[in-house]
């Protein structure tokens, strides 16, 4: 009999095998992605479907609605998102561009909310999706205001290139973080996707460390970073103050 810890790891492997754009996975693909034997992956998938965490579609399974419901209860995500959405709406109205809210998890950013803009570029980001922090504006904004050990862990993991413009030299990346700390704004100049640019600013807690970041993204040929950066910075500062006031209320 496998230990409880071993079984839990297998369940996590099955759940994390799904990607944001997957509508359903068959047993063979689920086994390949999870690294589990096909029979094991299939059995765990059936158990998760009975619990409502997965949904069956004939011979395929997909993530279930109950997982979404549980995700909405995560305190950090819920409080930050609920506070941020009004500012994100104003930011989208002012810039006519796509607005992101993201948090850091390990060496990646997780997108908590995205307000899209008509005519905007097809972005690699999705709500609940992840991207390497070092190639995104939101990731760099958060890392610039994170403890040194958090930044060191990202560097130790390697700065993988996403496009030809991605910064992969640790020294250059650290100098960029210093500049972000001075200016309060980070930029993605086609580093996460070709033709896409972004200006981002951190959402700070009372201790000065980043809770997350806001960004505005658009086509490199249609959005001037210098024009949208002040709006992003102002929105992030105002959101930071709002969150700070809510924490100090009795």
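Numbering (the working numbering), first residue to last: 7 to 256. The beta carbon of each residue, even a glycine, is placed where N, CA and C say it ideally should be. Note that this is a predicted model, so its numbers are computed, not measured.
I need the boundaries of the alpha helix (DSSP H) containing residue i, first residue and last residue.
i, result
"residue 45", "44-56"
"residue 230", "Premise fails: residue 230 is in no alpha helix (DSSP H) and is neither H nor E."
"residue 40", "33-40"
"residue 149", "143-150"
"residue 161", "154-162"
Which residues mark the beginning and the end of the beta strand (DSSP E) in which residue i is found?
i, result
"residue 136", "136-138"
List the residues that DSSP assigns as beta-bridge partners of residue i.
i, result
"residue 205", "193 and 222"
"residue 106", "120 and 221"
"residue 66", "63"
"residue 111", "114"
"residue 210", "216"
So, using beta-carbon positions, are residue i and residue j closer together than 8 Å?
i, j, result
"residue 95", "residue 121", "yes"
"residue 57", "residue 44", "no"
"residue 241", "residue 191", "no"
"residue 219", "residue 208", "yes"
"residue 217", "residue 86", "yes"
"residue 237", "residue 97", "yes"
"residue 133", "residue 114", "no"
"residue 89", "residue 249", "yes"
"residue 245", "residue 93", "yes"
"residue 62", "residue 55", "yes"
"residue 39", "residue 51", "no"
"residue 139", "residue 160", "yes"
Compare the C-alpha of residue i against each of the options and name the closest.
i, options, result
"residue 204", "159, 249, 89 and 127", "127"
"residue 201", "48, 220, 129 and 210", "129"
"residue 182", "133, 157 and 40", "157"
"residue 165", "154, 155 and 177", "177"
"residue 53", "69, 124, 174 and 175", "69"
"residue 46", "29, 19, 65 and 117", "19"
"residue 123", "117, 140, 102 and 116", "102"
"residue 25", "15, 36 and 139", "36"
"residue 4", "28, 154 and 42", "As shown, the chain starts at 7 and ends at 256. That puts residue 4 outside it, with no answer to give."
"residue 199", "15, 131, 135 and 239", "131"
* To do: Check whether the stretch 195-206 touches the stretch 223-239, counting contact only when three or more Cβ pairs, one atom from each stretch, lie closer than 8 Å.
  => yes
Query raised in the report: Between the stretch 95-114 and the stretch 138-149, are three or more C-beta pairs nearer than 8 Å?
Result: yes
Do the stretch 156-174 and the stretch 228-240 meet, that is, are 3 or more Cβ pairs less than 8 Å apart?
Between the stretch 156-174 and the stretch 228-240, the count of C-beta pairs closer than 8 Å stays below three; the two stretches do not touch.
Evaluate the contact criterion for the stretch 150-163 versus the stretch 173-193: three or more CB pairs, one atom per stretch, below 8 Å. yes
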